[in-house]
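Below you'll find the structure, written out as structure tokens, and then a few comments.
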Ligand code: FSX
Ligand code: SF4
Ligand code: F3S
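In our numbering, the protein residues as written are 613 to 994.
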């Protein structure tokens, strides 16, 4: 066993050195990324070696990325990921052959690039769909290159190896489908008449997309999904289970108004309409936007609006109280002395991982553990 793990470590180290020099990043940073991705995916110890090797050797899958009714926040959030900088990594993990926001080409040139990429990778490319697809009045509310979104989606999906709907808009209609939905905004699955892999969130967490792409690269298939097409590693649990304010919920300590004493003390936001108890996502364990703790809505003092949950986000009134679904005790409780709701991201992520939650616990764990050490050292100094 020991020999095997030594071989794997050697392989991972060698692969990491190759990829790191290819990307112009440091090897340690790349290995941290592989380990964090493996943990995010809920894979057993040692899987980081397979990931490092896949990123080194596997042929990058061609990706055609379509934009329809949306705000481009999904792409924006991907561009803000920093582990290592996504622009380097994503372009090394996938071959982004068509992406209207990022490509330099425009007009006919862009359309020609899409058709060429589809023909060259027929049956093998991944189609990523960002934005809802309007169906009212024969789809005239969204056209690209003179083609309706409905027609373009069907054309591109016909020869795709897999379809991933990124963001709530393409996953289930999202913001554009808000009542009364005048354009008939629909999901990619509705248009294609089949379940597709969905990465909902408005915007979605970039690591959930990245981990899904790395899974495809490493294992040649997309990760296991729930009945709504959401990867279970990221959407298998409700936010409430690992929320840093959960101890306040269980103790009956709530904020009743924005700015009241309970709100200032970091109490539970349930009575302000937090939809954490009925929303499946890993926001509470992996945070958002690479800035460590306090980097997701609830930590910032805003109730979760359920942006990843069909039938909740943009559907239920923001301040209506959530339906308490599948209540279970949390895997861990924040310390009772942390009256201001300031559980560290690192400890929440580590505990979730230890509990075997496979809830996407550690995308930024290594980095934030570093921050945690710095903060503790500073506190001691003081
Ligand atoms: Fe939708 Fe993407 Fe919301 Fe925006 O483009 S999921 S509107 S954050 O970003 O599709
Ligand atoms: Fe956290 Fe919201 Fe649950 Fe309160 S209701 S514990 S703020 S997820
Ligand atoms: Fe969305 Fe709620 Fe997470 S609003 S980003 S699902 S905390």
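Note that beta-carbon positions come from the ideal geometry of N, C-alpha and C, so glycine has one too.
Every value quoted in this text rests on a predicted model; they were computed, and no experiment measured them.
- Selection around the ligand SF4 by beta-carbon proximity, strictly under 6 angstroms to any non-hydrogen atom, yields 851, 852, 855, 857, 858, 861, 880, 881, 882, 886, 888, 889, 910 and 916 in chain order.
- Fully enclosed beta strand (DSSP E) runs of no fewer than 3 residues occupy 738-742 of the segment 723-767, in order along the chain.
- For residue 813, the shortest C-beta to heavy atom distance toward the ligand F3S is below 8 angstroms.
- Two segments are said to touch when three or more pairs of C-beta atoms, one from each, lie closer than 8 angstroms; by this definition the segment 886-896 touches the segment 847-867.
- DSSP places residue 776 within a strand segment (E or B) once states are collapsed to three.
- The DSSP-derived three-state label of residue 655 is coil.
- Counting along the chain, residue 810 sits inside the beta strand (DSSP E) bounded by residues 809-811.
- Judged by the Cβ position, residue 784 fails to qualify as a neighbour of the ligand F3S at the 8 angstroms threshold, every heavy atom of the ligand being at least this far.
- The three-state secondary structure of residue 908, taken from DSSP, is coil.
- Shown here for residue 722: same chain residues with a beta carbon closer than 8 angstroms to its own, the five before and five after excluded, namely 710, 712, 715 and 757 in chain order.
- By the beta-carbon neighbour count (other beta carbons within 10 angstroms, threshold 16), residue 790 is exposed.
- Taking the Cα positions, residue 725 is about 18 angstroms away from residue 755.
- Residue 821 sits away from residue 739, with the two beta carbons spaced by 9 angstroms or more.
- Pairing residue 730 with residue 933, the inter-Cα distance amounts to about 46 angstroms.
- Residue 675 is positioned such that its CB atom lies no closer than 9 angstroms to that of residue 753.
- If you draw a 10 Å sphere on the C-beta of residue 787, you find 16 or more other C-beta atoms in it, and that means buried.
- Here the distance from the Cβ of residue 817 to the nearest heavy atom of the ligand F3S is below 8 angstroms.
- For the 9 angstroms CB-CB criterion, residue 824 and residue 670 do not form a contact.
- Put simply, the backbone Cα of residue 888 is about 10 angstroms away from that of residue 909.
- The beta carbon of residue 920 lies closer than 7 angstroms to those of 780, 812, 813, 847, 891, 892 and 893 in the same chain, with the five residues before and after it left out.
- For residue 898, there is no enclosing beta strand (DSSP E); the enclosing alpha helix (DSSP H) covers residues 895-898.
- The ligand FSX has no heavy atom closer than 8 angstroms to the beta-carbon of residue 663.
- Note that the C-beta distance between residue 664 and residue 627 is below 9 angstroms.
- Only exposed fits residue 633, as fewer than 16 other CB atoms lie within 10 angstroms of its CB.
- Per DSSP, residue 804 is one residue of the alpha helix (DSSP H) stretching across 800-804.
- Taking the C-beta atoms as reference points, residue 747 is found nearer than 9 angstroms to residue 797.
- Within a 10 Å sphere around the beta-carbon of residue 678 sit 16 or more other beta-carbons, which makes this residue buried.
- By DSSP's assignment, residue 924 forms no beta bridge with any residue.
- Cβ neighbours of residue 707 within its own chain (closer than 8 angstroms, five residues either side excluded): 672, 673, 674 and 675.
- With a threshold of 16 other beta carbon atoms within 10 Å, residue 764 meets it and is buried.
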